[in-house]
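Asks:
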Amino acid sequence: MLRLAFKTLPGLALIAAGAVHAGADRLVVAPGGYTPMKPTPGKGMPVDGGLTFQTQYSPTGLEALWMHDNIVMTVLIAVTLFVLALLIWVMVRYNSRANPVPSKTSHNTLLEVVWTGIPVLILLVVFVPSMKLLAHQFKTPPKDALTIKAIGNQWYWTYAYPDNGEFEVTSNMLSHEEAIKRGEPPQLAADNRMVVPVGEPIRLQTTGADVIHSFAVPSLWFKLDAVPGRINEKVLFVKEPGVYYGQCSELCGARHGYMPIVVEALPRPQYNAWVMTHAGAKIDGAPDVPAPAAAAAAPAAEAASGTEVAAAASSGE
Ligand SMILES: [Cu+2]
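Okay, here's the thing in C-alpha cells:
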C-alpha cells in the first residue's frame, strides 16, 4: 500500500527518468519578451495563521508532505493517545485508595517482548519511507540539466547562469513601500529574481562568498547550506509556474533577516526570453556559434602556418 501511494505521486517519475525538455522546444523563445510575473496571494509564501507546511510545488515536497501527514502524524497521534490512556488507567485503577495492596510483580516476559517489539515495528514503518525520501532528495541531476549557482553574500544573493552565457544576477531585498507597491509580500520581495524553467530538473549549486548562508524556499522543499570554499548541489524541480519566496536560513550576520530569495518559475519559452534580456546570454543546449572575430582569425592563422611550412621547405630542412 505504501509503495502504491508513492507511485501515484505525480512528478516523481519525471525526476526518476531524468527527463529534461529535450529537442527543439527547449530553444523556443517567447515572442513577447519578459515581464516579471505577479505573485499569486498565498502561493509560495507564508499565510496568516498558517500552522502546517506551505503547499508544496515540487515532487519531493509532495512526497515529504504526504509522509508527514499520513505516516508521521498518524504514528505520533496514535502513540500520544495510547500513552495518555495508559496514564489515565494507572491513575484511576492503581491509586492508593483503589488499590491499597500493590502487586509485587517485577517481570512479565510477554509484556517485555511486546513493549520492545512494537516500538521496533513502528520505527521500521517510519524508516522505510524516510530513507526513500532522503534518496529522492539527493538524487543526482541528469547530465543535461541546467546549472544555476546561488551565491550567498553579506547580505544579498547573486545567481550565476553558467549554461546561459555566464551572466550573473544580483538580488537585493525591496523596501517595504516598494514591495507593497508591486503587490509582493514585504521583506520577502527582491529587486531581481532567480528565474528558472518550470517542469525540468535544475542542478542548483550553492556556495558562500564570505560566511555560511543557507538557500531555503519552503514551498519548493529546498534548503541547502551555502558554504565558502565549497559547492553544494541538489536538484530543484518546480512543478508549476509561479513566484516562490524563501529566506537565508543560516544566521549570517547583522542583516541575515533581510536577504530574501525569490524563485520565479516560467515555462521554457518565457524563461529563454528572460535569459536573452542579459548581455552575452545564450540558451542552454543551443549549438555554439563561433563569434565573428574568432571565425575571421581562423583563416589568417592557417595562412600563417602555411608560410612557415613554405619557409622551412625553401631552407632545405
Ligand atoms: Cu545569509
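Going letter by letter, the sequence shown gives residues -22 to -1, 1 to 295 in mature numbering (1 follows the signal peptide of the UniProt record, and there is no 0). A virtual CB, placed ideally from N, CA and C, is assigned to each residue, including glycine. Model, not experiment: these values are computed from the prediction.
1) Tell me, to the nearest whole angstrom, how far the beta carbon of residue 226 is from that of residue 256; I am working on the premise that it is less than 8 Å.
2) Which runs of the beta strand (DSSP E) fall wholly inside the region 140 to 198 and span at least 3 residues, in chain order?
3) From residue 169 to residue 112, what does the alpha carbon distance come to, in whole angstroms?
4) Report the partner residues of residue 251 according to the DSSP bridge assignment.
5) If we count the other Cβ atoms within 10 Å of its Cβ and call it buried at 16 or more, is residue 69 buried or exposed?
6) Given a cut-off of 8 Å on the beta-carbon distance, is the pair residue 302 and residue 49 in contact?
7) To the nearest angstrom, how far is the alpha carbon of residue 228 from that of residue 32?
8) Do you know how far the Cα of residue 222 is from the Cα of residue 245?
9) How big is the Cα-Cα spacing for residue 290 and residue 143?
10) Report buried or exposed for residue 220, applying the criterion of at least 16 other Cβ atoms within 10 angstroms of its Cβ.
11) Locate the beta strand (DSSP E) running through residue 29, then write down its first and last residues.
12) Decide if residue 22 is buried, meaning its Cβ has at least 16 other Cβ atoms within 10 Å, or exposed.
13) Got a sec, what are the start and stop residues for the alpha helix (DSSP H) residue 63 sits in?
14) Under 8 Å, with one C-beta from each stretch per pair, do the region 175 to 183 and the region 210 to 220 reach the 3-pair mark?
Replies: In short:
1) The residue you call residue 226 lines up with position 248 of the sequence shown. The residue you call residue 256 lines up with position 278 of the sequence shown. Wrong, their Cβ atoms sit about 24 Å apart, outside the cutoff.
2) 145 to 149, 172 to 175, 180 to 186, 191 to 195
3) For the purposes of this step, residue 169 is taken as residue 191 along the sequence shown, with counting starting at 1. For the purposes of this step, residue 112 is taken as residue 134 along the sequence shown, with counting starting at 1. One C-alpha to the other measures close to 34 Å.
4) For the purposes of this step, residue 251 is taken as residue 273 along the sequence shown, with counting starting at 1. Note: residue 251 sits in no beta bridge, so no partner.
5) Numbered from 1 along the sequence shown, position 91 holds the residue referred to as residue 69. Residue 69 is exposed by the Cβ-count criterion.
6) Because the chain is modelled from -22 through 295, residue 302 falls outside the range shown and cannot be assessed.
7) Looking up residue 228 in the sequence shown gives position 250. Looking up residue 32 in the sequence shown gives position 54. Answer to the nearest angstrom: the Cα atoms are 20 Å apart.
8) On the sequence shown, residue 245 is found 267 positions in, with the first residue counted as 1. On the sequence shown, residue 222 is found 244 positions in, with the first residue counted as 1. Rounded to the nearest angstrom, the two C-alpha atoms are 15 Å apart.
9) One-based indexing of the sequence shown puts residue 290 at position 312. One-based indexing of the sequence shown puts residue 143 at position 165. Low local confidence applies: a pLDDT of 40 at residue 290 is under 50, so the model's placement there is unreliable, with the coordinate-based value given in what follows. So the two alpha carbons sit approximately 42 Å from each other.
10) Here residue 220 corresponds to residue number 242 of the sequence shown, with the count starting at 1. With 16 or more Cβ atoms within 10 Å of its Cβ, residue 220 is classed as buried.
11) The residue labelled residue 29 in the question sits at position 51 within the sequence shown. Run containing residue 29: none; DSSP gives neither H nor E here.
12) Locating residue 22 in the sequence shown gives position 44, where the first residue counts as 1. Buried: at least 16 other Cβ atoms inside 10 Å.
13) Taking the first residue of the sequence shown as 1, we reach residue 63 at position 85. That run of the alpha helix (DSSP H) goes 51 to 71.
14) yes
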